[in-house]
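Novice: In my numbering, the protein residues as written are 1086 to 1344.
Take this structure, written in C-alpha cells, and hold onto it; I'll ask about it next.
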C-alpha cells in the first residue's frame, strides 16, 4: 500500500509503530548507563574539572547513584559509582559524594517523575549563563527543549546548602531543564537516556545561540511547529536510539566504563 498520499499525522503514527519494533532496547544496567553518560558528556565538552554531578535513582526509595568526589567524568565506571541516601551518606562504595549533590536530593523529593539528574558546567552553557539571558530555542534540532527550559536569573551561590536545593527545585518547576545564571545547566530526565540526550542538546543549543547572537537577531520559530517537532523528536525510542549511538561512539575509547 502506497503512503505517498497519506496525511502527516498518519505517517507519524506509522513511523512510531515501526520504531517500537525496529529499535531494540539496550541491556545495560542503570549503573552502566550512568557511567556511559559520564563518558559521553566528557566527550561532549561537559567536563569542568571536578565540577558537576550526574545521578540516577537507585532501587531503594530515597537513594541514588552518583560519582565519587575526586574523579572526573572520564574516570567514572559502573564499579566506582557510589550509592548514597538523600543526606549524602555513602551506603555502598568508597570515598564521598560531592556536597553539591544536596540539591539533587531536593529535586528528587519534589519530582517523582525524575529518575536522572545531570548538572554540568559546559563551556557554552557557562558562557551564556554569564549574560543572564534565557536559552532561546529556535532550530528544529533543539525542539526537544522547546518549552522545557526554565531560567534562574539570580545566582544563589554554591549549591551545598538546603536553601539552594529549595530554590532550584522551585525554579525548574515541572520542566526538564534549567539554565542557571553564572553557573551551568541542569537536566531532569524521566530516564537516563533522556537526560543524557538533553544534556548533549542543551550545550549545543547554547553554542548555537551564542553564534547566532554574534551574527544578528535570533528569529522565533512558529509555536505550533516547534511543539510538533518537540513531540516528534522527544519519543522515548528516539532518545534510546540516540543514547545507544552516543554509547557506541564513546565505547571506542572508554570501554572500561562498563566494568
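Glycine included, every Cβ here is placed at the ideal spot set by N, Cα and C.
Using 8 Å as the Cβ pair cut-off and three pairs as the minimum, do the segment 1225 to 1237 and the segment 1169 to 1187 touch?
Specialist: At 8 Å Cβ cutoff, the stretches do not touch.
Novice: List the DSSP bridge partners of residue 1263.
Specialist: Here the question's residue 1263 lines up with position 178 in the chain shown. Note: residue 1263 sits in a beta bridge opposite 1235, 1271.
Novice: Out of 1155, 1164, 1199, 1162, which has the shortest C-alpha to C-alpha gap to residue 1180?
Specialist: Working through the chain shown from its first residue, we reach residue 1180 at position 95. Among 1155, 1164, 1199, 1162, the Cα nearest to that of residue 1180 is on 1155.
Novice: Classify residue 1330: buried if its beta carbon has 16 or more other beta carbons within 10 angstroms, exposed otherwise.
Specialist: Reading the chain shown from its first residue, position 245 is the one you call residue 1330. Label assigned to residue 1330: exposed.
Novice: If you follow the beta strand (DSSP E) that residue 1245 is part of, which residue opens it and which one closes it?
Specialist: Here residue 1245 corresponds to residue number 160 of the chain shown, with the count starting at 1. Premise fails: residue 1245 is in no beta strand (DSSP E) and is neither H nor E.
Novice: Report yes if the CB atom of residue 1228 is closer than 8 Å to the CB atom of residue 1107, and no otherwise.
Specialist: As a working mapping, residue 1228 is identified with position 143 in the chain shown. As a working mapping, residue 1107 is identified with position 22 in the chain shown. Contact flag unset, no.
Novice: Per DSSP, which one or two residues make a beta bridge with residue 1203?
Specialist: Residue numbering aside, residue 1203 sits at position 118 when the chain shown is read from its first letter. Answer by DSSP bridge pairing, in chain order: 1139, 1272.
Novice: Shortest alpha-carbon distance to residue 1165 belongs to which of 1197, 1248, 1120?
Specialist: Your numbering for residue 1165 matches position 80 in the chain shown. Of the listed residues, the one whose Cα sits closest to residue 1165 is 1120.
Novice: Assess, as a yes-or-no matter, whether the segment 1290 to 1306 is touched by the segment 1214 to 1223 under the definition of 3 or more beta carbon pairs within less than 8 Å.
Specialist: Output reads yes: the segment 1290 to 1306 touches the segment 1214 to 1223.
Novice: Taking C-alpha atoms, which residue in 1206, 1225, 1209, 1245 lies nearest to residue 1190?
Specialist: Looking up residue 1190 in the chain shown gives position 105. Of the listed residues, the one whose Cα sits closest to residue 1190 is 1245.
Novice: Can you tell me whether residue 1129 is buried or exposed, with buried defined as 16 or more other CB within 10 angstroms of its CB?
Specialist: Locating residue 1129 in the chain shown gives position 44, where the first residue counts as 1. Result: buried.
Novice: So residue 1314 and residue 1225 are supposed to be a Cβ contact under 8 Å. How far apart are they, rounded?
Specialist: Taking the chain shown and counting its residues from 1, the one referred to as residue 1314 is at position 229. Taking the chain shown and counting its residues from 1, the one referred to as residue 1225 is at position 140. At roughly 5 Å, the Cβ-Cβ gap stays under 8 Å, so residue 1314 and residue 1225 are in contact.
Novice: Return helix, strand or coil for residue 1283, following the three-state DSSP convention.
Specialist: Position 198 of the chain shown holds residue 1283. In this structure, residue 1283 counts as helix in the three-state DSSP scheme.
Novice: What first and last residue would you give for the beta strand (DSSP E) that runs through residue 1310?
Specialist: For the purposes of this step, residue 1310 is taken as residue 225 along the chain shown, with counting starting at 1. Where residue 1310 is concerned, there is no enclosing beta strand (DSSP E), although the alpha helix (DSSP H) it sits in stretches over 1308 to 1318.
Novice: Would you identify the three-state DSSP class for residue 1338, choosing helix, strand or coil?
Specialist: Stepping through the chain shown from its first residue, residue 1338 is reached at position 253. In this structure, residue 1338 counts as coil in the three-state DSSP scheme.
Novice: With H, G and I counted as helix, E and B as strand and the rest as coil, what does DSSP make of residue 1329?
Specialist: Translated into positions along the chain shown, residue 1329 becomes position 244. Three-state result, residue 1329: helix.
Novice: Identify the residues that DSSP records as bridge partners of residue 1148: which are they?
Specialist: One-based indexing of the chain shown puts residue 1148 at position 63. Answer is 1170.
Novice: Using a threshold of 8 Å, state whether the C-beta atoms of residue 1168 and residue 1193 are closer than that.
Specialist: Locating residue 1168 in the chain shown gives position 83, where the first residue counts as 1. Locating residue 1193 in the chain shown gives position 108, where the first residue counts as 1. For residue 1168 and residue 1193, no; Cβs fall outside 8 Å.
Novice: Please work out which residues of its chain come closer than 8 Å, Cβ to Cβ, to residue 1254, disregarding the five sequence neighbours upstream and downstream, and give them in chain order.
Specialist: Indexing the chain shown from 1 puts residue 1254 at position 169. Excluding residues within five positions, the ones whose Cβ falls inside 8 Å are 1188, 1191, 1192, 1194, 1195, 1196.
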